[in-house]
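What follows is a single structure, written as structure tokens, with notes after it.
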């Protein structure tokens, strides 16, 4: 277990540094929003683009990439359904609240936590599949939520507008550009590549630091049962579904190292963006969902890391 703790220590130290900087007002609250926006809009898209331009997996392992994405999103759909069911049968919640619990149980914070976890904790070389997942995650999950809203009889958003909005996002643009450069074998000049590498390298530390600073603004509140239910789905049921499909049942033939990366990504705490999505779904959204899944997630991620290390 000591080796496991040493593996996760850098990850948590950077988060704690961000938390301390915000908690003791060494840095302003707005700065952390700016750092997170930089990661979303610049650093991670650059990292994604550069990785895709340098990979051969788009030609050699296209089938495995598709299977990797399919397993993750199939498990995400299961977690979403489980969260909705928990809201309905355990808490007799409104349809909006049911959807909100489902969103919280199925939306991993891949940008600020998932990419750093795989890069720092697992030191994984399975970067391309992870980044493809990150690039498509927002779109696929938004469409899943629309389906749930329609099932509940709510109009929800317009799928076409969702697609158009997502097509404008930096991550999607970087995804398309990276694939185009790779498939067309367009070289990136060395000086430009060096600049891209320098910018992309900031994604992991800044993401963790920003995350630590942003969780300061949240509190647990009084109504914690639904939040713990959402956290249980998010941190236990979701990764367990990925493990069941990819490792235990071997539903699709992805490499074991890829499967464990998918499990780790599924085990990340809930994303900040679930608040806006939950409001659109008609639920009363509390930052406690993010905070509970973060605190409990520190334990579950450490345990999962130990399982992966000894597997």
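Numbering (the working numbering), first residue to last: 22 to 332. For glycine and all other residues, C-beta sits at the position ideal for the given N, C-alpha and C. Predicted model, so just to flag it, every value in this text is computed and none were measured.
Helix, strand or coil for residue i, going by three-state DSSP, please let me know.
i           : result
residue 28  : helix
residue 291 : strand
residue 129 : strand
residue 61  : helix
residue 79  : helix
residue 45  : coil
residue 113 : coil
residue 22  : coil
residue 140 : helix
residue 276 : coil
residue 215 : helix
residue 72  : helix
residue 258 : helix
residue 222 : coil
Can you tell me the Cα-Cα spacing of residue i and residue j, whole angstroms?
i           : j           : result
residue 171 : residue 28  : 43 Å
residue 275 : residue 46  : 46 Å
residue 113 : residue 251 : 14 Å
residue 265 : residue 239 : 33 Å
residue 208 : residue 40  : 41 Å
residue 305 : residue 118 : Residue confidence is low: residue 305 scores 47 on pLDDT, short of 50, so the model does not pin down where it sits. Its coordinate-derived value is still stated next. For residue 305 and residue 118, the distance between alpha carbons rounds to 7 Å.
residue 65  : residue 247 : 32 Å
residue 154 : residue 323 : 22 Å
residue 141 : residue 285 : 12 Å
residue 203 : residue 253 : 40 Å
residue 241 : residue 70  : 38 Å
residue 329 : residue 148 : 17 Å
residue 86  : residue 196 : 14 Å
residue 327 : residue 179 : 43 Å
residue 302 : residue 56  : Any answer about residue 302 is weak, because its pLDDT of 47 lies below 50 and its placement is not dependable; what the coordinates show is given next. C-alpha separation (whole angstroms): 28 Å.
residue 78  : residue 150 : 9 Å
residue 318 : residue 130 : 11 Å
Please determine whether the Cβ atom of residue i lies at a distance below 7 Å from any heavy atom of the ligand NAD.
i           : result
residue 187 : Absence of the ligand NAD is noted for the structure shown, with no ligands found whatsoever.
For the alpha helix (DSSP H) containing residue i, name the first residue and the last one.
i           : result
residue 238 : Residue 238 -> no alpha helix (DSSP H), and no H or E assigned at all.
residue 265 : Segment: none, residue 265 is in no alpha helix (DSSP H) and carries neither H nor E.
residue 323 : 309 to 331
residue 152 : 148 to 172
residue 109 : 83 to 110
residue 251 : 246 to 253
Below 8 Å on the Cβ atoms is my guess for residue i versus residue j; work out the distance and round it to an integer in Å.
i           : j           : result
residue 36  : residue 233 : 4 Å
residue 138 : residue 289 : 6 Å
residue 89  : residue 283 : 6 Å
residue 332 : residue 281 : 7 Å
residue 159 : residue 190 : 7 Å
residue 108 : residue 123 : 7 Å
residue 169 : residue 83  : 30 Å between Cβ atoms; not a contact.
residue 125 : residue 104 : 7 Å
Which whole runs of the alpha helix (DSSP H) in the stretch 175 to 212 are 4 residues long or more, in chain order?
Given a length threshold of 4 residues, each whole run of the alpha helix (DSSP H) inside the stretch 175 to 212 is given here in chain order: 180 to 188, 191 to 204.
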